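J.: Residue numbers (this note's numbering): 14 to 140.
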């Protein structure tokens with residue numbers, strides 16, 4: 014996760030794990046599965062670094078809570094929709110954020126008689 018391609022100053026929340034019921038297969042909607050979410054946000058962190066004041070930055074616990082709310086919320090068919098909703102919420106909630114990158118992974122995806130290490134959707138949204 015070294016290069017999200019969104020800028021220099023960023024806050025990164027890495028490896029948030031939630032249980033969600035998203036997917037196109039009935040068993041995904043009924044049984045649920047683990048989703049691993051990473052969110053990186055770009056904003057100017059100079060004032061926060063100089064002042065040591067939370068009001069000069071983004072409280073990343075709020076980003077975590079929004080990601081959890083979306084992943085653990087109503088079922089969607091596509092991982093892309095989960096990622097899009099997280100990105101939209103982050104940008105809506107925090108006007109000082111210039112860009113957001115969201116990575117949503119589904120570990121251990123089963124496709125027929127094959128098991129993938131996982132599938133990942135990654136999106137970047139800018140203002």
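All residues carry an ideal CB built from backbone N, CA and C; glycine is no exception. Source: prediction; values computed, not measured.
Determine which residues share a DSSP beta bridge with residue 132 and list them.
T.: Working through the chain shown from its first residue, we reach residue 132 at position 119. Under DSSP, residue 132 shares a beta bridge with 119.
J.: Is it true that the CB of residue 117 sits closer than 9 Å to the CB of residue 96?
T.: Here residue 96 corresponds to residue number 83 of the chain shown, with the count starting at 1. Here residue 117 corresponds to residue number 104 of the chain shown, with the count starting at 1. Yes, the Cβ-Cβ distance between residue 96 and residue 117 is below 9 Å.
J.: Take residue 107 and list the residues in its own chain whose beta-carbon comes closer than 6 Å to its own, dropping the five residues that flank it on each side.
T.: Within the chain shown, the letter at position 94 stands for residue 107. Around residue 107: 71.
J.: Going along the chain, which residues of its own chain have a beta-carbon closer than 7 Å to the beta-carbon of residue 88, five neighbours each way excluded?
T.: Within the chain shown, numbered from 1, the residue matching residue 88 stands at position 75. The residues are 34, 35, 42.
J.: For residue 33, list the residues DSSP reports as bridge partners.
T.: As a working mapping, residue 33 is identified with position 20 in the chain shown. Beta-bridge pairing links residue 33 to 46.
J.: Candidates 57, 44, 83: which alpha carbon is nearest residue 50's?
T.: Taking the first residue of the chain shown as 1, we reach residue 50 at position 37. Here the closest residue by C-alpha is 83.
J.: Whole angstroms is fine: what's the gap from residue 102's alpha carbon to residue 91's?
T.: Locating residue 102 in the chain shown gives position 89, where the first residue counts as 1. Locating residue 91 in the chain shown gives position 78, where the first residue counts as 1. Cα-Cα distance, rounded: 17 Å.
J.: Check the DSSP bridge columns for residue 53 and list the partner residues they point to.
T.: For the purposes of this step, residue 53 is identified with residue 40 of the chain shown, where counting begins at 1. Per DSSP, 25, 114.
J.: Can you give the beta carbon distance from residue 54 to residue 110, rounded, assuming they're within the 8 Å contact cut?
T.: Here residue 54 is taken as the residue at index 41 of the chain shown, counted from 1. Here residue 110 is taken as the residue at index 97 of the chain shown, counted from 1. Separation of the CB atoms of residue 54 and residue 110 is rounded to 5 Å, and the pair is thereby assigned contact status at 8 Å.
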